[in-house]
Amino acid sequence: MSSTSKASRFFNLVDQREFALCQAINRSTRFRPVLTYFQVVSRLGDGWLWYAVILAMPLLFPTNGLALGLLLALTGLCCTLIYKLLKRWLIRERPFISFPSISCGTPPLDRYSFPSGHTLHAVCFTTVLALTAPTMAWALLPFTLSVAASRVILGLHYPSDVIAGAIIGGAMGVVMVNGLGDSLVTVFGG
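Heads up: the sequence shown is residues 6 to 195, going by our numbering.
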């Protein structure tokens, strides 16, 4: 039996268990302000806010901002590679595809659900900033939490997708800071 079919059977079981929670959370999109807020958060979480943060780092932190910006950019590339590989390997359908009673609040960027790439990136970037520029991390924490919530509210992910994305993203953030942070600061600033 292939690992893909094992993963599919596992996710089918988990999907059934998470369906009621997803459906209940997704109902909040009936309220226009809730839907609009999380659509905007989702769009900014597509990368736009993170690109702005990366570009702003040298201005905000003249001493080591270039190194921090490069660290964030490299981290983002690693995050993209990891989540795309996982999605292609594990193949979990999105809640709105598996359960028509869950509405899709905004078009997804890709086909599969596990893990949440938006959450993975948001938590990873916030972790990197928590370890390198804590004031920035605190400022971005509400956005990061909103990104994670948006994935389930908009019907794009199951809670377990978001939790997995957060765990992977947090771990990647720590690994990237510990693996590259000092080297980049030595070369590009500090």
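Glycine residues also receive a C-beta, built at the ideal position from the N, C-alpha and C atoms.
Same chain, Cβ closer than 7 Å to Glu23, neighbours up to 5 away in sequence not counted
Once the five neighbours on either side are set aside, the close Cβ partners of Glu23 are Tyr163, Pro164 and Ser165.
Could you tell me whether the Cβ atoms of Leu125 and Cys83 are closer together than 8 Å?
Contact flag unset, no.
Runs of alpha helix (DSSP H) wholly within the stretch 80 to 115 (minimum 4 residues, chain order):
Whole alpha helix (DSSP H) segments, 4+ residues: 100 to 103.
Proximity to Ser47 [Cα-Cα], best of Thr111, Gly170 and Leu18
Considering only Thr111, Gly170 and Leu18, the residue with the shortest C-alpha distance to Ser47 is Thr111.
On the DSSP letters alone, give me the boundaries of the alpha helix (DSSP H) that Trp55 sits inside.
The continuous alpha helix (DSSP H) containing Trp55 extends over residues Leu54 to Leu65.
Decide if Arg35 is buried, meaning its Cβ has at least 16 other Cβ atoms within 10 Å, or exposed.
That one is exposed.
Between which two residues does the alpha helix (DSSP H) carrying Gly50 extend?
Note, Gly50: premise wrong, no alpha helix (DSSP H); not H, not E.
DSSP state of Thr68 mapped onto helix, strand, coil
Reduced to three states, the DSSP call for Thr68 is coil.
By DSSP, does Phe36 sit in helix, in strand, or in coil?
Correct three-state label for Phe36: coil.
Count the other CB atoms, across all protein chains shown, that sit within 10 Å of the CB of Pro38; report buried if there are 16 or more and exposed otherwise.
It is exposed - the Cβ of Pro38 has fewer than 16 other Cβ atoms within 10 Å.
Three-state class that DSSP yields for Leu159 in the structure shown:
Three-state result, Leu159: coil.
If you compare alpha carbons, which of Phe130, Thr41, Asn17 and Ser155 is closest to Ala144?
Closest option to Ala144, judged by alpha-carbon separation, among Phe130, Thr41, Asn17 and Ser155: Phe130.
Taking 8 Å as the threshold (C-beta atoms), are Leu86 and Ile59 in contact?
In terms of Cβ geometry, Ile59 and Leu86 do not form a close pair [threshold 8 Å].
Measuring CB atoms only, is the stretch 87 to 94 touching the stretch 139 to 153, in the sense that at least three cross pairs come out at less than 8 Å?
These segments do not touch.
First through last residue of the alpha helix (DSSP H) which encompasses Val182:
Where Val182 is concerned, there is no enclosing alpha helix (DSSP H), given that its DSSP letter is neither H nor E.
If you drop the 5 nearest sequence neighbours on each side, which residues of the same chain put their C-beta closer than 7 Å to that of Leu73?
Correct list, in chain order: Met62, Phe66, Thr137 and Ala138.
By Cβ distance below 8 Å, which residues in the same chain neighbour Gly184 in space, the five residues on each side in sequence not counted?
Nothing listed; no residue qualifies.
Go ahead and label Phe15 buried or exposed: buried means 16 or more other beta carbons lie within 10 angstroms of its beta carbon, across all protein chains shown.
Exposed, because fewer than 16 other Cβ atoms sit within 10 Å of the Cβ of Phe15.
Going by beta-carbon coordinates alone, are Val182 and Thr149 separated by less than 8 Å?
No. Outside cutoff.
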